[in-house]
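Some notes on the structure that comes next.
In our numbering, the protein residues as written are 693 to 864.
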């Protein structure tokens, strides 16, 4: 509702086998407010919607409360999680010829919007290793400075992400 350049979008749905509500305020075609609460979206359903194979399954939760201004200064926080994640052993074997061990994973992505910067923290936690990253992104230019730490005893879990067979361990 509103003018063509200023409007609000209120979305409530239970599609993709989850529940979500997103409220967005647009002024002069710029997002000034995004409040979202997404719960239990199935990763497999999202991949199917995107026309991708379900190399992984899990549920996605996202909570966001971000407010901005016309100068692209945003404040607020967002948290995205993948819970009960598992890489499809059969599909990875079929498509890439790689034996993936029994696995489980979870992903956490936290973003703190502080005016012109986003501080972010990423965690992929699994029974075969972890990947952690922290950093800062300048909103206007998207210039990012991040550090990462990788400690994986079996890289085969990452095969579908990189689109080629991976084996072995990797530590930084």
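Beta carbons: idealized from backbone N, C-alpha and C, even for Gly.
From a predicted model like this one, the values you see are computed outputs, not experimental measurements.
Collapsed DSSP secondary structure at residue i in the structure displayed
i: residue 782; result: helix
i: residue 854; result: helix
i: residue 735; result: helix
i: residue 712; result: strand
i: residue 788; result: helix
i: residue 834; result: coil
i: residue 705; result: strand
i: residue 796; result: coil
i: residue 845; result: coil
i: residue 864; result: coil
i: residue 720; result: coil
Residue burial classification, residue i (beta-carbon count within 10 angstroms, cutoff 16)
i: residue 704; result: exposed
i: residue 844; result: buried
i: residue 736; result: buried
i: residue 857; result: exposed
i: residue 846; result: buried
i: residue 807; result: exposed
i: residue 793; result: exposed
i: residue 733; result: buried
i: residue 875; result: Here the chain comprises residues numbered 693 to 864, so residue 875 is not present and cannot be evaluated.
i: residue 730; result: buried
i: residue 854; result: exposed
i: residue 699; result: exposed
The beta strand (DSSP E) enclosing residue i, as first and last residue numbers
i: residue 697; result: Segment: none, residue 697 is in no beta strand (DSSP E) and carries neither H nor E.
i: residue 678; result: In the structure displayed, the chain extends from 693 to 864; residue 678 sits before or after that span and is not available.
i: residue 815; result: 809-818
i: residue 763; result: Premise fails: residue 763 is in no beta strand (DSSP E) and is neither H nor E.
Beta-carbon proximity of residue i to residue j, cut-off 8 Å
i: residue 817; j: residue 798; result: yes
i: residue 795; j: residue 850; result: no
i: residue 809; j: residue 829; result: yes
i: residue 764; j: residue 831; result: yes
i: residue 766; j: residue 805; result: yes
i: residue 786; j: residue 800; result: no
i: residue 859; j: residue 842; result: no
Counting Cβ pairs closer than 8 Å, one from the stretch 718-732 and one from the stretch 822-842, do we hit at least three?
By the Cβ criterion, the stretch 718-732 is not in contact with the stretch 822-842, since fewer than three pairs of Cβ atoms, one from each stretch, lie closer than 8 Å.
Kindly confirm or deny that the stretch 748-758 and the stretch 777-784 touch, where touching means at least three C-beta pairs closer than 8 Å.
Judged by Cβ distances under 8 Å, the stretch 748-758 makes contact with the stretch 777-784, as three or more pairs qualify.
Taking 8 Å as the threshold, find out whether the stretch 723-732 comes into contact with the stretch 754-767 through three or more Cβ pairs.
The stretch 723-732 is in contact with the stretch 754-767.
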